[in-house]
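Residue numbers (the working numbering): 409 to 1065.
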């Protein structure tokens, strides 16, 4: 007997287990790339891999350059004082003003001058310029609408930055006027007036870049000379005055991946950078290094195939990067450049820098395990570090020779068969003006007010760094709730929690924020009614309306909530019985048949039955299908059957007696 019982129990257990396996929902098996710890997989913005100044080259689009060329070319010749000049000047003023740059006419010859103030407390400034005027009979695509388009493009990029130094954008007048009949000496009224103004105002111009005749390209000439940066002779003026600025621009041009720009010592080009040189201000002239072919006549039109807008766009991005780089030198910190990325087998990454101080260089960083990476460092003419292996993991490598003034290249090559990740930092001292005082000591500026907030999400960059959120993404976890909003409401900006309901009020966090309710407070307005209920029934979850009676049924909102009634309908279940009556009688104001007997509450009240008792006459037949819910048919039938028996029995009993 015991064996039979045990066997039966085993069979029952197996059957229960099988049913459980079939009916229970499957367990979530984490995928290989899933988050097994409940966190959200974050995708950092690509800007996080870049130096701040490299971001400038990523922001620029060709649109501003092309629009400037097309619009101003349509105004015709722009000779000083001509209608075309003022049409072009007015358009540029409107364009830069739309970027938030204060822009007006300046000087006796009405050059256009834009000013972007920095948040620093010193007088440093970077100046960009190009002459706006053209010859009297030319629309001046090459002389010098291309340069103006470059300056406008630089403004479109830098206007998105808040820098510690000031930036000036100049569109000079008077370049195409001459002081002599032989047309050998240009007047350059605009650049003379503006450079004089800067000196008189005590502006510390750390760099002026002039852009002049830079669109021309001759396919038959050297690609590395498509653009040249003209600097002042180092023999008389040293490296820092202008040669450094030329090297810096060429270095940032190389970020484009094209080697199309070279530096050249002054060649006597008579244009607006001379006005700055005459006042001993550091200036570089950027122009095309190609010359026209006598057999291929030059014509001044946007359709000229020799006008290459791409090189104009690339130099605009590079110049904007230079401005950001120069503005960030100092404030108690050495210069640091970062090289970060994934290198495929046989490929390489190159970090480019320009030294303003002779020094021994060292690199630090980290690379992925099992990688075979090598690094080589070389200057303009000297190898500073021959091919050297980079250790896996954290590393520090020091060069064998000191770097001299000028460009330095750090080249990392993947010699292995697997892709490798590397982050490399190059730290070095800088002395922008060459006065012997490092920038880290010479230039100190206060924290900006309001604080920097790149993504405009309401959290400062500094606070985002502490919290671990992405300064380049207003919604780090991509849950459609901004980082600052999540911080304000106590949610997690690093985890997608938009569809969660932490306060259990029936509303997701995303919906609560959209409504203005608090995702961590189930009753935002503290009126005793949960936010979810108020939203479902149409009352205001942001206002304490507990004592209100919007449907005039004598029940306040809080009473309707407690009684599960509809606060906006005097008869929530549309059964013909007012909610107040249903509540007073203990009925369900949201159910037209409170006792679910198939007979509506209103009918029961009219019939005299009880809307809370499904079988009023206790005849085992619910009131709905009961043809007469007030009379117990079983009792009637019983009486009909029993009564004759009783009467007959009584009569029989009487007769017996």
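Idealized CB from N, CA, C, for every residue including glycine. Model, not experiment: these values are computed from the prediction.
Within the same chain, show all residues whose beta-carbon is closer than 7 Å to that of residue 988, passing over the 5 residues directly before and after it, in chain order.
Along the chain shown, one-based indexing puts residue 988 at 580. Once the five neighbours on either side are set aside, the close Cβ partners of residue 988 are 961, 962 and 963.
Residue 997 in three-state terms, based on DSSP:
Within the chain shown, the letter at position 589 stands for residue 997. In the three-state DSSP reduction, residue 997 falls in the coil class, being neither helix nor strand.
Measuring CB atoms only, is the segment 596 to 604 touching the segment 551 to 565, in the sense that at least three cross pairs come out at less than 8 Å?
No, they do not touch.
What's the gap between the Cα of residue 720 and the Cα of residue 925?
Looking up residue 720 in the chain shown gives position 312. Looking up residue 925 in the chain shown gives position 517. Rounded to whole angstroms, residue 720 to residue 925 spans 51 Å at the Cα level.
Beta-carbon proximity list for residue 723, same chain, < 8 Å, skipping 5 on both sides:
Here residue 723 refers to the residue found at position 315 of the chain shown. Scanning its chain for C-beta atoms nearer than 8 Å, with the 5 sequence neighbours on each side dropped, one finds around residue 723 the residues 558, 619, 622, 635, 657, 661, 669 and 694, in chain order.
Considering only the alpha carbon of each residue, which of 771, 842, 858 and 698 lies closest to residue 572?
Numbered from 1 along the chain shown, position 164 holds the residue referred to as residue 572. Nearest option by C-alpha distance: 858.
Measuring alpha carbon to alpha carbon, tell me which residue in 882, 940, 697 and 884 is nearest residue 910.
Counted from its first residue, the chain shown places residue 910 at position 502. Ranked by how close their Cα comes to the Cα of residue 910, the residues 882, 940, 697 and 884 have 940 in first place.
Let me know the secondary structure DSSP gives residue 750 once reduced to three states.
Residue 750 sits at position 342 when you count from the first residue of the chain shown. In the three-state scheme derived from DSSP, where H, G and I count as helix and E and B as strand, residue 750 is classed as strand.
Classify residue 873 as helix, strand or coil using the three-state DSSP reduction.
Mapped onto the chain shown, residue 873 falls at position 465. Three-state result, residue 873: helix.
Drop a sphere of 10 angstroms on the beta-carbon of residue 907, count the other beta-carbons inside from all chains shown, and report buried for 16 or more, exposed for fewer.
Counting from one through the chain shown, the residue named residue 907 turns up at place 499. Of the other Cβ atoms in all chains shown, fewer than 16 fall within 10 Å of the Cβ of residue 907; this residue is therefore exposed.
What are the residues that DSSP puts in a beta bridge with residue 823?
As a first step, residue 823 is located in the chain shown; it is residue number 415 there, counting from the start. None, per the DSSP bridge assignment.
When burial is assigned at 16 or more other CB atoms within 10 Å of the CB, is residue 1065 buried or exposed?
For the purposes of this step, residue 1065 is taken as the residue at position 657 of the chain shown. By the 10 Å Cβ count, residue 1065 comes out exposed.
I need the DSSP call for residue 661, collapsed to helix, strand or coil.
As a working note, residue 661 is residue 253 in the chain shown. Here residue 661 sits in helix by DSSP.
Going by the beta-carbon positions, is the gap between residue 966 and residue 954 smaller than 7 Å?
Here residue 966 is taken as the residue at index 558 of the chain shown, counted from 1. Here residue 954 is taken as the residue at index 546 of the chain shown, counted from 1. Closer than 7 Å, so yes.
Measure the Cβ-Cβ separation of residue 882 and residue 869 and say whether it is below 7 Å.
Walking along the chain shown from the start, residue 882 turns up at place 474. Walking along the chain shown from the start, residue 869 turns up at place 461. Cβ atoms of residue 882 and residue 869: not closer than 7 Å.
Proximity below 7 Å, CB of residue 541 to CB of residue 481
Position 133 of the chain shown, counted from the start, is the residue given in the question as residue 541. Position 73 of the chain shown, counted from the start, is the residue given in the question as residue 481. No. Outside cutoff.
Within 10 angstroms of its Cβ, does residue 608 collect 16 or more other Cβ (buried), or is it exposed?
Mapped onto the chain shown, residue 608 falls at position 200. With fewer than 16 other beta carbons inside 10 angstroms of its own, residue 608 counts as exposed.
Just verifying my parser: in three-state terms, what is the DSSP assignment at residue 908?
Your numbering for residue 908 matches position 500 in the chain shown. DSSP places residue 908 in coil when its eight states are reduced to three.
Same chain only: Cβ atoms within 7 Å of residue 809, ignoring 5 sequence neighbours per side:
The residue you call residue 809 lines up with position 401 of the chain shown. For residue 809, where only same-chain residues beyond five positions count, the Cβ hits under 7 Å are 790 and 792.
Cβ contact (3+ pairs, closer than 8 Å) linking the segment 733 to 753 and the segment 826 to 837
As far as the Cβ criterion goes, the segment 733 to 753 touches the segment 826 to 837, which means the pair count is three or higher.
Ends of the alpha helix (DSSP H) at residue 504?
Counting from 1 along the chain shown, the entry for residue 504 is found at position 96. Counted as a single uninterrupted DSSP element, the alpha helix (DSSP H) harbouring residue 504 occupies residues 491 to 506.
Measure the C-alpha to C-alpha separation of residue 378 and residue 586 and round it to an integer number of angstroms.
Any question about residue 378 goes unanswered here, given that the chain covers just 409 to 1065.
Buried or exposed for residue 878, please, with buried defined as at least 16 other CB atoms from any protein chain shown within 10 angstroms of its CB.
On the chain shown, residue 878 is found 470 positions in, with the first residue counted as 1. Residue 878 sits buried, since 16 or more C-beta atoms from the chains shown fall within 10 Å of its C-beta.
Inter-residue Cα distance where the pair is residue 1056 and residue 997
Counted from its first residue, the chain shown places residue 1056 at position 648. Counted from its first residue, the chain shown places residue 997 at position 589. The straight-line gap from Cα to Cα measures roughly 52 Å.
Contact check, residue 497 vs residue 520, beta carbons under 7 Å
Translated into positions along the chain shown, residue 497 becomes position 89. Translated into positions along the chain shown, residue 520 becomes position 112. Against a cut-off of 7 Å, the Cβ pair of residue 520 and residue 497 comes out as a contact.
For residue 641, count neighbouring Cβ atoms within 10 angstroms of its own Cβ and tell me buried if that reaches 16, exposed if not.
Here residue 641 refers to the residue found at position 233 of the chain shown. Sixteen is the threshold: since fewer than 16 other Cβ atoms of the shown chains lie within 10 Å of the Cβ of residue 641, the residue is exposed.
When the Cα of residue 888 is compared with those of 871, 918 and 913, which residue comes out closest?
Sequence index remark: in the chain shown, residue 888 carries index 480 (1-based). Residue 918 is the option with its Cα nearest to residue 888.
Unbroken beta strand (DSSP E) run spanning residue 614, endpoints
Reading the chain shown from its first residue, position 206 is the one you call residue 614. Element bounds for residue 614: 612 to 619.
Residue 457 - DSSP class collapsed to helix/strand/coil
Walking along the chain shown from the start, residue 457 turns up at place 49. Helix at residue 457.
Completely contained beta strand (DSSP E) runs for the segment 657 to 729, where each covers 3 or more residues
Listed in chain order, they are 669 to 673 and 691 to 696.
Quick check: the Cα distance between residue 624 and residue 512, rounded to an integer number of angstroms?
Translated into the one-based positions of the chain shown, residue 624 becomes position 216. Translated into the one-based positions of the chain shown, residue 512 becomes position 104. Each residue's Cα considered, the two are about 30 Å apart.
How do the segment 812 to 832 and the segment 759 to 767 stand: do at least 3 beta-carbon pairs fall below 8 Å, yes or no?
The segment 812 to 832 vs the segment 759 to 767: in contact.
Verify whether the separation of the beta carbon atoms of residue 884 and residue 823 is less than 7 Å.
As a position in the chain shown, residue 884 is number 476, starting the count at 1. As a position in the chain shown, residue 823 is number 415, starting the count at 1. Contact: no.
For the 8 Å Cβ check, are there 3 or more pairs between the segment 458 to 466 and the segment 732 to 744?
The answer is yes - the segment 732 to 744 touches the segment 458 to 466, with three or more Cβ pairs under 8 Å.
Taking its Cβ as the centre, do 16 or more other Cβ atoms sit within 10 Å of residue 795, making it buried, or is it exposed?
Taking the first residue of the chain shown as position 1, residue 795 is located at position 387. Classification of residue 795: exposed, given that the 10 Å Cβ count is below 16.
Residue 953: first and last residue of the uninterrupted beta strand (DSSP E) it sits in:
On the chain shown, position 545 is the one that residue 953 refers to. It is not in any beta strand (DSSP E) - residue 953 carries neither H nor E in the DSSP assignment.
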